[in-house]
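Protein chains in written order, with the numbering used here: chain X, 13 to 404; chain W, 13 to 404; chain E, 13 to 404; chain Y, 13 to 404; chain G, 13 to 404.
Positions of the beta carbon are idealized from the N, C-alpha and C atoms, including for glycine.
Values in this document were obtained by computation on a predicted structure and should not be read as measured data.
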Amino acid sequence: MLQESYPKSAKPIDPIQDDEEEEYDEFDYAYNEPGSLPGTLIIDEDATVPNIFLIDYHADNVTGMQLLHPEDCTPYLESESVSWVDVQGLGSEDVLQRIGQVFKIHPLILEDVVNIPQRPKVEEYDDRLLIITHMVTPKNDGIGFISEQVSFVLGKNYLLTVQEEPEHDTFEVVRERIHRNKGSIRNQRADYLSYCLIDTIIDGFFPVLEDYGERLEDLQDAVLANPSSQSIDAILRIRRELLLLRRAIWPQREAIKLLIRDDSTLLSDSVRVYFSDCYDHVVQVIDMLETYRELASSLMDVYLSSISMRTNEVMQVLTVISVIFMPLTFIAGVYGMNFNPQVSPWNMPELEWSYGYVTCWALMIVTAGTMIIYFWRKGWLGKTRIAKTGRS
Amino acid sequence: MLQESYPKSAKPIDPIQDDEEEEYDEFDYAYNEPGSLPGTLIIDEDATVPNIFLIDYHADNVTGMQLLHPEDCTPYLESESVSWVDVQGLGSEDVLQRIGQVFKIHPLILEDVVNIPQRPKVEEYDDRLLIITHMVTPKNDGIGFISEQVSFVLGKNYLLTVQEEPEHDTFEVVRERIHRNKGSIRNQRADYLSYCLIDTIIDGFFPVLEDYGERLEDLQDAVLANPSSQSIDAILRIRRELLLLRRAIWPQREAIKLLIRDDSTLLSDSVRVYFSDCYDHVVQVIDMLETYRELASSLMDVYLSSISMRTNEVMQVLTVISVIFMPLTFIAGVYGMNFNPQVSPWNMPELEWSYGYVTCWALMIVTAGTMIIYFWRKGWLGKTRIAKTGRS
Amino acid sequence: MLQESYPKSAKPIDPIQDDEEEEYDEFDYAYNEPGSLPGTLIIDEDATVPNIFLIDYHADNVTGMQLLHPEDCTPYLESESVSWVDVQGLGSEDVLQRIGQVFKIHPLILEDVVNIPQRPKVEEYDDRLLIITHMVTPKNDGIGFISEQVSFVLGKNYLLTVQEEPEHDTFEVVRERIHRNKGSIRNQRADYLSYCLIDTIIDGFFPVLEDYGERLEDLQDAVLANPSSQSIDAILRIRRELLLLRRAIWPQREAIKLLIRDDSTLLSDSVRVYFSDCYDHVVQVIDMLETYRELASSLMDVYLSSISMRTNEVMQVLTVISVIFMPLTFIAGVYGMNFNPQVSPWNMPELEWSYGYVTCWALMIVTAGTMIIYFWRKGWLGKTRIAKTGRS
Amino acid sequence: MLQESYPKSAKPIDPIQDDEEEEYDEFDYAYNEPGSLPGTLIIDEDATVPNIFLIDYHADNVTGMQLLHPEDCTPYLESESVSWVDVQGLGSEDVLQRIGQVFKIHPLILEDVVNIPQRPKVEEYDDRLLIITHMVTPKNDGIGFISEQVSFVLGKNYLLTVQEEPEHDTFEVVRERIHRNKGSIRNQRADYLSYCLIDTIIDGFFPVLEDYGERLEDLQDAVLANPSSQSIDAILRIRRELLLLRRAIWPQREAIKLLIRDDSTLLSDSVRVYFSDCYDHVVQVIDMLETYRELASSLMDVYLSSISMRTNEVMQVLTVISVIFMPLTFIAGVYGMNFNPQVSPWNMPELEWSYGYVTCWALMIVTAGTMIIYFWRKGWLGKTRIAKTGRS
Amino acid sequence: MLQESYPKSAKPIDPIQDDEEEEYDEFDYAYNEPGSLPGTLIIDEDATVPNIFLIDYHADNVTGMQLLHPEDCTPYLESESVSWVDVQGLGSEDVLQRIGQVFKIHPLILEDVVNIPQRPKVEEYDDRLLIITHMVTPKNDGIGFISEQVSFVLGKNYLLTVQEEPEHDTFEVVRERIHRNKGSIRNQRADYLSYCLIDTIIDGFFPVLEDYGERLEDLQDAVLANPSSQSIDAILRIRRELLLLRRAIWPQREAIKLLIRDDSTLLSDSVRVYFSDCYDHVVQVIDMLETYRELASSLMDVYLSSISMRTNEVMQVLTVISVIFMPLTFIAGVYGMNFNPQVSPWNMPELEWSYGYVTCWALMIVTAGTMIIYFWRKGWLGKTRIAKTGRS
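Structure follows, in structure tokens:
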């Protein structure tokens, strides 16, 4: 029944990013027009109109519904049961301002929630905890990822989550756990719920990162076998994406560290233990990420030396062929000269020998053979072949 | 009415910088002649004569005017209303010294305000807070930015701001907010005013930085498609400009951090909350900046490998053509030899064959064909084309 | 007798890694499906079914046996003697969960023990100390190493160790010391036992690292003598493996530091002294590792300059041969022209000279000689030879 | 009158450094023969014999003279007025030892003052403050700088300064200020005097550094336009000099920080404010220095890519000319063959055509034209020209 | 008399290192077989049998002798006079264990003293201070250095020093000072003696390092003038040796810092002042070392660009010669064609001209001249010469 209360957004979503056009925009944070009033909200006109979903639960009961007006939350927030209000979409200033009033959010904090993207952080303000996180999900075509800001406002009995858009939501499994009463979630407070969701977000980094392991391996093979302009494009792209991931995950590490050390009364000690586990996961994500960054950055050197190697091989072929044929051509040129043998016996007497032509060929074969043996010994002929075999 | 009290400076402003001549000067801080007296002011003779603008406001009223003498400020400074004195231009030692006396500024601090540029910093001295910031605005032609020092001296009821010159002023929006009573600015003290102005300055970094995203992207495409001397000039220029931005923004981060942590009585707790928000913005600016610096620094490697790739292609063309034509030329040379066929049947009998010439051509075509097939297999002919296609 | 209680695992072990396929997987930490319940265990279906070995000892007596059920441990855990329970293999969720119950391990900690690999760490929880370490052993073929997670749960009178698999076990020497009562181990508590085992693990890094010294030296010689595609493969491989070692050893340094500084009652002061010694060893391992990493990373530069050097030599050969033969071929070409000497005395009179041919040869020899002397002076002929000698 | 009491040293000074010989020596600190007694003084036999100058002043009076014996200072040191003893030259162990006795300097401190160069530092010992600084002055020829150690021993009423040699002294302006009673210096104590001198030393770094801005800019232009062996010499030289500056200025930053934070009674609070200003200047010097170091270090990459670019251009010229002339030479070679047209109509019938020669030229022109058009499209001909234009 | 009590070791010492074989071994620390008992001593069978030398002194008297048994020390250790026991050689486990018993050294500490090399460190244990240092002495052939571990065990009235071998001992000067009563050493305690010896060890780094300055300068000149395979070997060797020095000196800095800050009663305050001076020396050594490391690491770039420069020059020579002779050879080829002039006036009429041959030569000279002028303008001919001149 609840499943049906999460309808697909009617509005067709534009493709998230047109790769060629917007790739460097991904590095820009949101900011207000210099000089605008503090707390000004920026509404992207293409953004989805916010849908508000409420799940209200305690140990014995769970209610799930979509709300039409933010004000409908008020009775739930005051009850003792845990209320999870999930807002999906940032397309209406009016609705978002009303949400701000219902949850009594400071305008500067509402600004951080709405004007995306912001840097992940944790802030406590008036008995409310603001947690800004970035969630990553693999792209549909499997190359790269989509990054989305998810903001948490944690109060005593409620948790407000705000997502950029209805798609790419990894919270479904948690909704399941609440509805089917799996694990202890229904017996815990809103702080445990916030842990579950943040844990989901952190664990979502692992599959995205693992993917980069494979891509780097393939790319390394490609660069060694056949360095091309495409390789360098791919290297740059991976480095850029890993840089993006880095910017998303590092501040989350600081933020979760702050959550553990914080003395806020909104988090119970038992939930802090869970957040410690979550912190370990962030550290592992960062470990993997930095490893991949190091590997990616060494690929540029590999590329460069791979090209140099190749240029060297080309040069060897050219040199071998030149060194063999230049003396031969010279010999042929000599016997093409028109000195008159009739004038004196010193003038090209070879031309009149019976075995002149044969001798000439013999000379040429000996010259070429000497050169070939020289290169053979120098290893240029052999090496070229070995190098080729080594690759195919 | 007030709008008119900000006349354009009559004196024509020289072009800020002649790019070719002065670009490395931008990295130099101001300093006094070694051994000169502490507190010596350096007046650039081309600098604008200081204009002094006063805005004095409280919740119900606002007065704005241009003052002829620094001493005219005195009555306003002593009143309870907030007085914002904005000095534009650093072209007169006399006026600046008198401002120093009116505001009772320590000579070392006046030196920092007047001898530009100084490193951004915060210093408290005798119930007065000195804040030195750097403001950046995009250049008119959209490439690069102009950096200007803005100094703040914050007292109990007043704020003194000193700008290098009347142009490139981003404070207009704040003046508007005061005059039109937008937001809460008229109900706040001078510390909130200082926040508004500094926030404007910090937010001014975002559009300048975003611009670098686009320039880096264009440059990367250019470097991959066609590496030239111009590319390397452009890379060096972007790196130099990002270095300049870095030097402007990093010390401001430290300065604002100090403002938040400081226990000065000049800043109220509620304004400290606003400065925290401002600090988040500085951190986001730094994040973007460091990202762009990393991308810019990898461009040099891209450039180098792009040239190597290109040299490799040129070498392949040369090698292919040499390997094909050298044997052919040799064959032609052989049959251009003048061994006398009359002397013996061993001497170039081919020349007398009926189909000698045809056979010779056949030999040459087979040789060339073999070579072409060899290169085709090796991928040199194909790759050259693929590489070209990949680019156009 | 005890020896026989450690049977070889019946199940044939798959080769640990198929180099080409899985090498980048080594960098990935284990993680749960995002959104899964905290404490979910991941069981690899190829993993060995856990074997449980118990050694229970005090100063006068020692008992060693293989247990069929985890619950058989209970009486030993409660006795005053030291009980070492060694679990080898992670192939059965049921057995592992029952071990968790017998030792009263928190589900999050059991998750860290079972879902391998995790980042090394130390955590105290409910009077139990969890220590996660990585043990390395050289591969059978002597190239590279096998890394295995070993988890320690230290209680008052017992130590639980969990290994990934029965093979590659370096604990045999410690079992010996217990059984043969060598040193003071039988008179000490479980904390000393944990020290002995961890010390064994840390010392196991030394021989693995020493091996890299030799490999780097061989590789450097190979790169200088004959840079090939294989060299770069080998450099990348060594760098990847050193990166893996680094990721294994650095967190262990932090972990052991924590053990020394910790105020846990589970470690006595005298054992802390031993752990300080162990910490010194970790620092020495890290010192060696970072040195090798620096040497490995400079190898890429060596490779690149080695290729450049070689290309330079090839170019010199080509240039020398071209510069010598091009003028000669030109001279031969001139005297192959067919200007008619009969028409005028200006038309190639040389052809009719008695010593024309001889003069022509003299001219060619002088030309070639001049070139050779020029190159000799320039050092190209000599240098090529010196370079060759320098290598062989 | 006092001016005359500073006679030029009679002894002719050797040129400071013979560039080729001693440049790497600049990086070496002074040290005693291993095992020598602590406090052993090393006297360079070429060093100037120390001249001792005394300026003794209070608000109303100033006395300046050259002293013959260190012991002559004693009465001045005990008076209430401020005594500045300036020792120039380190050429006599006897005089230096006697100075040590007069000022009661610990032998280890005297060692640091005499055995130059030492690392800049601050040390307090027995109510005396030792400050070791490095002073830089531009070389006469404007390229590079001269570095000289200046040591300060600050007591209650006196300041002892020790300079390496009489030349390159930037203290003249301070002497002027004392004699002409400019600023407040005559009303202040010895601590203010030490500030004035150290400030002079720090500010002396600015003009030296600014010079590097210009040199780097010129060098960058030179490297881009025409990379040569001289360029790399110049890059290495600038990097070495900036490294030297870095070693001089960084420890001074630490030293001045220590002075500000120190709780020594030798410095009054008002002078500490001045030292804070001085600290800001050091930080600005370091900022500029690190910027120039970053720019200098990127020049090596620029050089390398500039050469690669140039090699690429050379290769293109060679390839264009080869690709055009090789086919032409082949065609000419074909029609130089001696197949006998009389034997059969298949043997080179072209030779007997009326328009054979003309056709042959047509063929050659078409071939060459095709090649030229091919290169034109590929951009090789055009680009070469653009590249040239872009430079000149 | 005492001099004779230091006989040369009878056993001939093997050459320290066979460069080709063991160079990477230098980076390996000593370690015990994994799993061996803590405190196991490793005795190298080639090591010298320990000689034990005792110097016992107080202000008025000094006794020096060689001891046969470690137990002979006991009476001296208990007396009030300072006893310096110097053990040279690590070749007998029995003797070393007995020394351990005489001095009551903890087995883990004895392990650090005997199993060389260990990382330098300071440890206090049971009223005894263990200091492990590395001493470097220049090699006999002047290239490189020999590193030797020297361990200090400092007690109340005695100092035990343990050296690897009798050679390469820099302690002779200190023995002299004791015997000849130079300086204050005879009036001081054992802590001052330890300072004297450690100071000797630290100062021993200076001459070794200075040597690298000269080697780097020579190498830079060599690399710029004539980059060869030997250069890269030399660069790698210097970098490896500087890395070794770095590993020896950095931990000593930490160790001496610890000595100064330590609150051990074994060191008096006045000796701590001396150790501060010693710390300054370590910092200066590190400063010099890091400078040389930076210079050495830039040499690889210099090498690479030097080769590129050279390749570029080779390419220019090849291109110039090709561009000049290819057109000439083509022209000669044209007039070597055999078109029959008899058939028609269009067929090579030039051959029949009176001045055909002369015209042909004129054409060739004009062509070659044009090319030469082109290259002259382009600067290739000139530059090649300048480059050469610049070097010689």
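Look at the alpha carbon of residue i and the alpha carbon of residue j, and state the distance between them as a whole number of angstroms.
i        : j        : result
Y/GLY368 : Y/TYR347 : 10 Å
E/PRO339 : G/VAL335 : 12 Å
W/PRO150 : W/ILE158 : 6 Å
Y/PHE217 : W/VAL235 : 39 Å
G/SER280 : G/LEU316 : 54 Å
Y/THR331 : E/ILE247 : 35 Å
W/CYS290 : W/VAL134 : 15 Å
Y/LYS390 : G/ALA344 : 30 Å
W/ILE5   : W/SER243 : Outside the shown range of chain W, which is 13 to 404, sits residue 5 of chain W, and nothing can be said about it.
E/GLY112 : E/GLN100 : 15 Å
E/LEU53  : E/GLU123 : 6 Å
Y/SER356 : W/SER318 : 56 Å
W/GLU33  : Y/GLU226 : With a pLDDT of only 46 at W/GLU33, under 50, the local geometry of the prediction cannot be trusted, and the value read off the model is given with reservation. Computed Cα separation, rounded: 10 Å.
I'd like the span of the alpha helix (DSSP H) that includes residue i, first residue to last.
i        : result
Y/PHE387 : 368-390
Residue i lies in the beta strand (DSSP E); which residues open and close that run?
i        : result
W/ILE143 : 140-150
Y/LYS133 : 133-137
Could you tell me which residues DSSP puts in a beta bridge with residue i?
i        : result
X/GLY76  : X/ILE67
E/THR52  : In the DSSP output, where bridge partners are listed per residue, E/THR52 has none listed.
Y/PHE218 : Paired residue(s): none; Y/PHE218 is not in a bridge.
G/VAL174 : G/VAL99 and G/SER163
G/PHE157 : G/PRO150
E/TYR94  : In the sequence as presented, Tyr is not what sits at residue 94 of chain E; that position holds Val. For E/VAL94, which the question treats as bridged, DSSP gives the partners E/TYR69.
So the candidates are the options; which of them puts its Cα closest to the Cα of residue i?
i        : options                                   : result
Y/SER48  : G/SER196, G/LEU307, G/ARG322 and G/LEU311 : G/SER196
W/THR60  : W/GLY51, W/PRO46, W/GLY103 and W/VAL74    : W/GLY103
E/GLU92  : E/VAL329, E/MET360 and E/HIS70            : E/HIS70
G/HIS81  : G/ASN352, G/VAL107 and G/ARG249           : G/VAL107
W/ARG189 : W/GLN175, W/LEU209, W/VAL174 and W/HIS180 : W/LEU209
Quick check on residue i: buried or exposed, where buried means 16 or more other Cβ atoms within 10 Å of its Cβ?
i        : result
W/ASP37  : exposed
W/PRO361 : exposed
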